[in-house]
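**Q** Residue numbers (our numbering): -3 to 644. Even glycine gets a Cβ: it sits at the ideal position worked out from N, Cα and C. Dumping the structure here so I can ask a few things about it.
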Amino acid sequence: MIKITLPDGSIKSFEAGTTPMEVAKSISEGLARNIISAKFNNKIIETSTPIQEDGSLVLLSFNDNEGKKTFWHSSAHLMAQAILKMYPGVKLTIGPAVDNGFYYDIDFMDYKISDADFPKIEKKMLELARGKHEFKLREVSKADALSYYKQEKNPYKVELIENLKDGEITFCNHDDFTDLCRGGHIPNTGFIKAVKLMSVAGAYWRGDEKNPQLTRVYGVSFPKQKQLKEYLELLEEAKKRDHRKLGKELKLFTFSQQVGQGLPLWLPKGAALRERLESFLKKAQAEAAYDQVVTPHIGNKDLYVCSGHYEKYGEDSFQPINTPNEGEEFLLKPMNCPHHCEIYKSESWSYKDLPVRYAEFGTVYRYEQSGELHGLTRVRGFTQDDAHIFCTPDQLDLEFKKVIDLVLYVFNSLGFEDFTAQVSLRDPENKTKYIGSEENWEKAEKAILNAAKEKGLKYVVETGEAAFYGPKLDFMVKDALGRSWQLGTIQVDYNLPERFELEYKGSDNEMHRPVMIHRAPFGSMERFVAILLEHTGGNFPLWLTPEQATILSISEKYENYSKKVLSLLKNHEIRATFDNRSETTGKKIREAEMNKVPYMIIIGEKEEEENSISIRKHGGEDLGSMPVEEFVNRINNEVDASLSKFRV
RNA sequence: GCCGACGUAGCUCAGGGGUAGAGCGCUUCCUUGGUAAGGAAGAGGUCACGAGUUCAAUUCUCGUCGUUGGCUCCA
């Protein structure tokens, strides 16, 4: 007999060789119908895998993340089977589950495939799925595995097998289909009731561009048709929130081929919104004793040679600007930090002066690969809400915490509630590739971990993910649709102070090297606005939104009174407009709704007589009529409630 | 940069070897209206650009540029 520990802590005895499915049946038939795989001692196994020893067992359904993964991985097998039947001779490579489904990388040889072929592949998959073919995992010897794939003329699988150990190689069969696979499958293909192929894309064998290019087919599948429908609706919703679409509709920004790809043009509304964000942060930074600096958009190439950026990124950057002076070269600024280092160097410092905090909304230019450009989230010219803090190693701890406070303040003010942090530390196995003393790294890593803990951040630690010049803390926010985005970053840097030979005089009358902190709560203004757009769906917080209120007059007769109201609002610094076109009220309301204006002010005969205004909120709520003063107070209160002052 | 898809009016998109359509927007006129589209008329396009095939190309082929989904990259 073996003892199985279930997630609720209960321990049950079973005969050795019992399968997870039998365990499920012993609990309830309903459970047995729903489980699609299992996890035994933290290893994913099939529901039919006999268990031979004591251990803990988790039964997985499609609702569990790991269950989903096995479901999607199994679907990849099914897709491969369908594709192999329709395109005989294609070479399969790998077919894993990913966060939103699965893919299979296939060498299609001479076949061409496009999304027009998807419906018939989907049909074939469902047809095959209905056969309820069991997924059967079996061990094969390395020699047999190799000879099987050599005979199949599949060099990719052969390469994969060559890197595996004999005795650890398993094949998975279902129906007439065989695949190299380590396992973790659903019981049979019949569970797959809905499939949708999403896209084809090129992908290199093993992710290396020197290798042959394969065709990656992405798909998603579900146990119920209804779930597929819901998923597709979610995608539709995401599409509606796409910042590129909203940016166009709300007239925030645009691009022009004439100007150049990846170079955003901010339209008046977008520019004003961005400035509002900037002054919001400037105010907080002033409170936190940052000094604003301004540096030029270009710098002598030697500056970036000194910083090391030229060596590392020069090749892929905008090419140097030459001048009539022989040998003189300038670069478009790819980073603000070298400039700030030079500002630091312009005077001598005592430990009593530190920390020094230089902040700049610095526009930088990077020649991102053309295929990587994407709306405002990946561009070639963007403005960082950059700042560099020069401090003594002893001040690092406190400074880091202060930066976290600032980042949290920014997130709170903008309604990002669901975020996580990632602490990136050194690779303990390979400490030689990092610059800076052991002692300082220890200090910095401890400082970050302490700060994260003390500030109550939800964080994960990634060892080996630190930059060569220092550890860092990145913030990932989730938008309204649960998608994760990296925003703010705080990085410790030992490298630049070294390269620029930055110094301060310590209390011991000796010169010492300061530590630098790079930080950007927004990351970049472009990226941040994009994410904010997707997060809010274009319904910005009142303090930020381009148009807080719009006056809709019932007819031209009320134009004078409307204008009077408009100027009253403007006197109170409320961003209001007046729609005095000769359109019906219904139409004006519809357009204001689509432009996502938070408050609509309706003015007609009644309002003019009463010397009041009627308010409709975005979304349809009728707030009735009120004096202008009351409305002004309402707006101010709402802004104040969402936007607290930053205090250190 | 690489692979696939796409590029038609300011915007969203239909069409298709015989040289172009809708809705919205815009202009003018009528209408003066009460909480998500009032009516009419009009202007607006070398069908991304360049070459090729063809009697004829916006349509087919190739190339370029751009957009887009991925891959690789991201100071």
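(1) If you draw a straight line from the alpha carbon of aspartate 649 to that of threonine 66, how long is it in whole angstroms?
(2) Rounded to a whole number of angstroms, what is the C-alpha to C-alpha distance between methionine 596 and asparagine 632?
(3) How many angstroms separate the CA atom of tyrosine 363 from the CA atom of serine 313?
(4) Considering only residues of the same chain and omitting the five flanking positions on each side of glutamate 395, which have a CB-CB separation below 8 Å?
(5) How close, in whole Å, do the beta carbons of glutamate 604 and serine 621 come, if the pair is a contact with beta carbons under 8 Å?
(6) I believe leucine 404 touches isoleucine 444 by the beta-carbon criterion, under 8 Å. Please report the beta-carbon distance rounded to the nearest angstrom.
(7) How is tryptophan 201 classed by DSSP in three states: helix, strand or coil?
(8) What are the start and end residues of the alpha helix (DSSP H) that includes cysteine 333?
(9) Consult DSSP for tyrosine 405 and reduce its assignment to one of helix, strand or coil.
(10) Considering just the uninterrupted stretch of the alpha helix (DSSP H) at alanine 12, what are its terminal residues?
(11) How far does the beta strand (DSSP E) with glycine 533 in it extend, from its first residue to its last?
(12) Could you give the residue range of the beta strand (DSSP E) that holds asparagine 296?
(13) Report yes if the C-beta distance between methionine -3 and alanine 20 is below 9 Å; otherwise report no.
(14) Which residue marks the beginning of the beta strand (DSSP E) containing histidine 170, and which one marks its end?
(15) Express the C-alpha separation of isoleucine 188 and leucine 122 in angstroms, rounding to a whole number.
(16) Do you know whose CA, among Thr416, Glu434 and Phe415, lies nearest proline 424's CA?
(17) Give a yes or no on contact between the segment 330 to 338 and the segment 491 to 498, applying the rule of three or more CB pairs nearer than 8 Å.
(18) Among the residues of its own chain, which have a CB less than 8 Å from the CB of asparagine 332, if the five just before and after it don't count?
(19) Does histidine 293 pass the burial test, meaning 16 or more other C-beta atoms within 10 Å, or should it be called exposed?
(20) Extract the residue ranges of the beta strand (DSSP E) inside the segment 9 to 94, only unbroken runs of 3 or more that lie entirely within it.
(21) Exposed or buried, glutamate 42, counting other C-beta atoms within 10 Å across all chains shown (16 or more means buried)?
(22) What are the boundary residues of the alpha helix (DSSP H) that includes glutamate 725?
(23) To the nearest angstrom, how far is the alpha carbon of aspartate 175 from that of valine 191?
(24) If I'm right that proline 334 touches tyrosine 300 with Cβ under 8 Å, what's the distance once you round it to whole angstroms?
(25) For valine 196, does the three-state DSSP call read helix, strand or coil?
(26) Can you tell me whether isoleucine 400 is buried or exposed? The criterion is at least 16 other CB atoms within 10 Å of its CB, across all chains shown.
(27) State whether the segment 161 to 170 contacts the segment 134 to 141, with contact taken as three or more CB pairs (one from each stretch) at a distance under 8 Å.
(28) DSSP on phenylalanine 574, reduced to helix/strand/coil?
(29) Going by beta carbon distance, what residues of the same chain come within less than 6 Å of leucine 483, once the five residues before and after it are set aside?
(30) Of all the options Val525, Ala588, Met105 and Val154, which has the alpha carbon lying nearest to the alpha carbon of alanine 268?
**A** With the structure as the only source:
(1) In the structure displayed, the chain extends from -3 to 644; residue 649 sits before or after that span and is not available.
(2) As a first step, residue 596 must be located in the first sequence, where it is residue number 600. As a first step, residue 632 must be located in the first sequence, where it is residue number 636. Those two C-alpha atoms are separated by around 16 Å.
(3) For this step, residue 363 is matched to residue 367 along the first sequence. For this step, residue 313 is matched to residue 317 along the first sequence. So the two alpha carbons sit approximately 5 Å from each other.
(4) In the first sequence, counting from the first residue as 1, residue 395 sits at position 399. Excluding sequence neighbours, glutamate 395 sits near Pro351, Ile385, Cys387 and Ile513.
(5) Position 608 of the first sequence, counting from 1, holds the residue named residue 604. Position 625 of the first sequence, counting from 1, holds the residue named residue 621. Their Cβ separation, rounded to whole angstroms, is 11 Å, which puts glutamate 604 and serine 621 out of contact at 8 Å.
(6) As a first step, residue 404 is located in the first sequence; it is residue number 408 there, counting from the start. As a first step, residue 444 is located in the first sequence; it is residue number 448 there, counting from the start. Not confirmed; about 15 Å, so no contact.
(7) Here residue 201 refers to the residue found at position 205 when the first sequence is read from its first residue. In this structure, tryptophan 201 counts as helix in the three-state DSSP scheme.
(8) Here residue 333 refers to the residue found at position 337 of the first sequence. Here the alpha helix (DSSP H) through cysteine 333 covers 333 to 341.
(9) Position 409 of the first sequence holds residue 405. Residue state, collapsed to three classes: helix.
(10) As a first step, residue 12 must be located in the first sequence, where it is residue number 16. First-last for alanine 12: undefined, no H or E at that position.
(11) Position 537 of the first sequence, counting from 1, holds the residue named residue 533. Note, glycine 533: premise wrong, no beta strand (DSSP E); not H, not E.
(12) Here the question's residue 296 lines up with position 300 in the first sequence. Looking at the DSSP string, the run of the beta strand (DSSP E) that includes asparagine 296 is 294 to 296.
(13) Reading the first sequence from its first residue, position 1 is the one you call residue -3. Reading the first sequence from its first residue, position 24 is the one you call residue 20. No. Outside cutoff.
(14) Position 174 of the first sequence, counted from the start, is the residue given in the question as residue 170. That run of the beta strand (DSSP E) goes 166 to 170.
(15) Numbered from 1 along the first sequence, position 126 holds the residue referred to as residue 122. Numbered from 1 along the first sequence, position 192 holds the residue referred to as residue 188. Cα to Cα, the separation comes out at about 7 Å.
(16) Sequence index remark: in the first sequence, residue 424 carries index 428 (1-based). Ranking the options by Cα distance to proline 424, first place goes to Glu434.
(17) yes
(18) The residue given as residue 332 occupies position 336 in the first sequence. Only Thr291, Glu356, Gly358, Val360, Gln380, Asp382 and His384 meet the Cβ criterion.
(19) Within the first sequence, numbered from 1, the residue matching residue 293 stands at position 297. Exposed, by the Cβ-count rule.
(20) 31 to 36, 39 to 41 and 51 to 57
(21) The residue you call residue 42 lines up with position 46 of the first sequence. Counting Cβ neighbours within 10 Å, glutamate 42 comes out buried, since at least 16 surround it.
(22) Residue 725 is absent from the structure shown; the chain starts at -3 and stops at 644.
(23) Your numbering for residue 175 matches position 179 in the first sequence. Your numbering for residue 191 matches position 195 in the first sequence. Taking the straight line joining both Cα atoms gives about 20 Å.
(24) Start at 1 with the first residue of the first sequence, and residue 334 comes out as number 338. Start at 1 with the first residue of the first sequence, and residue 300 comes out as number 304. The Cβ separation is near 6 Å, so the contact holds.
(25) For the purposes of this step, residue 196 is taken as the residue at position 200 of the first sequence. Correct three-state label for valine 196: strand.
(26) As a first step, residue 400 must be located in the first sequence, where it is residue number 404. Burial call: buried.
(27) yes
(28) The count along the first sequence starts at 1 and reaches residue 574 at position 578. Phenylalanine 574 falls in the strand class under three-state DSSP.
(29) Taking the first residue of the first sequence as 1, we reach residue 483 at position 487. Result list for leucine 483: Phe471, Val473 and Gly519, in chain order.
(30) The residue you call residue 268 lines up with position 272 of the first sequence. Comparing Cα-Cα distances from alanine 268 to each of Val525, Ala588, Met105 and Val154, the minimum goes to Val525.
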